[in-house]
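These notes concern the structure reproduced below.
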Amino acid sequence: RPHLSLHALDGLTMEEVPLARIAAAVGTPTWIYSAGALRRRYARLRDALAGAGLDAGIHFAVKANTSLAVLRVLAEAGAGADVVSEGELRIARAAGIPASRIVFSGVGKTGRELRLALDEDIHQINAESAEELAMLSALAASLGRTARVALRVNPDVDARTHAKITTGLSENKFGVAYDEAVALYARMAAMPGIRPVGIAMHIGSQITAGMAAYRAAYARMAELVRELRARGLPVERLDGGGGLGIPYRDEPAPLPEALAGAIRATLGPLGLPVMIEPGRWIAGPAGVLLASVVIEKRGEARRFAICDAGMNDLVRPAMYEAWHGIVPVGAAARAAPLSPADVVGPVCETGDTFARGRALPPLAPGDLLAFLDAGAYGAVMSSTYNARPLAAEVLVDGDRFAVVRERQGFEALLAGQRVPDWLATGPA
Ligand code: LLP
């Protein structure tokens, strides 16, 4: 995380901006992203693919971070987008990502979403079922359009990641069965309004157990392409999905060069352009969640650091037992002796626990803590549970920083709510 450094006076600093300065100006909890880290990580991935001699496009998985400013940084760097909803498609377009670089994935695209994708003439729609293809064909034909469609195939490969984020097993809801793919692709070629352009796969997220699962999936993809070609069916490109994991703790995690090498070894011989859909690898390490300690509570058996950020902000620990590094921001705090503390939020659930028994200095109200690697699946998964407004978001770029999403106001929690008129005259 070269964008984060510890300074003797200023404490934890992102690029050239001390996090304490952002807290003073914007308050907490606040998500903070490094533009430099986003650019560097995107370039690293691009260079790894190019270095392996691949003609490859990077489509950032917008689900990982839908901040307009983050997407604009990536758009400027040349990234495309992988979107899974009308909202993500609209935000990607608003950030300046051209429709010609947008791919639409997802098992439950509605007619309205498919229609928008056709109206925008996006690069590719990844179809996940025969039923979806029928719906898309009818819609495209009625609009007099042709959809460029990749068929998402489920390779039935175990990505060896958390069960809630594994997607490439036959028991998962994603993609069409491998054994049915060739026949379905052949049918696609005959459907009005559909132009089959290739095969897509995505086996899961936070893949850290080496390249074996990727290799196995991509080998199956290559096998499929050979069968399709043997039948004279056109294949223009391949979509290898996302999933490249990052080290949240100290676990070994694969480097982009390893992924590029796996793609080259398995798909390279086919001589087709390849696309990938990374989210976490690009954005995760580029962001932190900055929180303040509300109070340090000495329980009978444990010490609790109770923060102003909760599971409604960063849900990953509660949802996936995920581990995030937690770093005191103040320079002085970091010199103090460490002892175990449970870092928890204010929400009324025991699951609102970020970490147990973490070695931390004594903490006083107002002390700042940074939750690391929170740039992906952080703000996007937050909620207003316990009527807690959504946190602010900030982009750091060199020595500058800007609020890129205002902290939600309490009015916003009431906005749009109504009491039906038959209750309006109820008890005073
Ligand atoms: N493409 C498709 C079709 C996907 O479903 C996903 C993620 C990606 C790409 C991007 O995967 P990535 O490169 O970010 O691993 N909320 C979970 C992660 C869910 C991932 C869902 N799909 C978490 O916080 O760990």
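For the sequence shown, the UniProt record's numbering begins at 23 and goes up steadily by one.
A virtual CB, placed ideally from N, CA and C, is assigned to each residue, including glycine.
Predicted model only: the values in this text are computed from it and were never measured.
Answer with buried or exposed for Gly130, where buried requires no fewer than 16 other C-beta atoms within 10 angstroms of its C-beta.
exposed
If you reduce the DSSP assignment to three classes, tell me which class Pro295 lands in.
coil
DSSP beta-bridge partners for Cys329?
Val315
In terms of alpha-carbon separation, which member of Val315, Pro269 and Arg259 lies closest to Leu289?
Arg259
Does DSSP put Ile113 in a helix, in a strand, or in coil?
helix
Given a cut-off of 8 Å on the beta-carbon distance, is the pair Leu138 and Ala117 in contact?
no
Going residue by residue through the stretch 328–394, where are the continuous alpha helix (DSSP H) segments of at least 4 residues, counting only ones entirely within it?
338–342
With a CB to CB cut of under 7 Å and the five nearest residues on each side skipped, what residues in its chain are close to Leu436?
none
Which ranges does the beta strand (DSSP E) cover as unbroken runs of at least 3 residues, wholly within the stretch 161–218, from first to last along the chain?
169–176
On the three-pair Cβ rule with 8 Å, is the stretch 312–325 touching the stretch 274–287?
no
In the structure shown, what three-state DSSP assignment does Tyr270 receive?
coil
In whole angstroms, give me the CA-to-CA distance for Glu245 and Leu111.
32 Å
So does Thr189 have its beta carbon nearer than 7 Å to some heavy atom of ligand 1?
yes
Quick one, are the C-beta atoms of Ala208 and Leu158 less than 8 Å apart?
no
If we call anything under 8 Å between Cβ atoms a contact, is Ile225 one with Ala211?
no
Does Glu299 pass the burial test, meaning 16 or more other C-beta atoms within 10 Å, or should it be called exposed?
buried
Judging by CA-CA distance, which residue of Gly400, Ile348 and Ala46 is the nearest neighbour of Met341?
Gly400
When every heavy atom of ligand 1 is checked, does at least one fall within less than 7 Å of the C-beta of Gln146?
no
Where DSSP assigns a beta bridge to His29, which residues make up the other side?
Gly33
What are the uninterrupted segments assigned as beta strand (DSSP E) that are 3 or more residues long and contained completely in the stretch 221–257, given in chain order?
none
Taking only heavy atoms of ligand 1 into account, decide whether any of them is closer than 7 Å to the Cβ of Leu266.
yes
Would you give the residue range spanned by the beta strand (DSSP E) that Thr132 belongs to?
Careful: Thr132 lies outside any beta strand (DSSP E) and carries neither H nor E.
Pull up the CB-CB distance for Ala86 and Arg61, whole angstroms please, since I reckon it's below 8 Å.
About 16 Å separates the two Cβ atoms, so there is no contact after all.
Beta carbon of Met403, beta carbon of Val337: below 8 Å?
yes
Grab me the residues of Leu41's own chain with a C-beta within less than 8 Å of its C-beta, minus the 5 sequence neighbours each way, in chain order.
Gly33, Leu34, Thr35, Ile54, Val310, Leu312, Val351, Leu390 and Ala392
Could you spell out where the beta strand (DSSP E) holding Arg43 opens and where it closes?
Where Arg43 is concerned, there is no enclosing beta strand (DSSP E), although the alpha helix (DSSP H) it sits in stretches over Leu41 to Val48.
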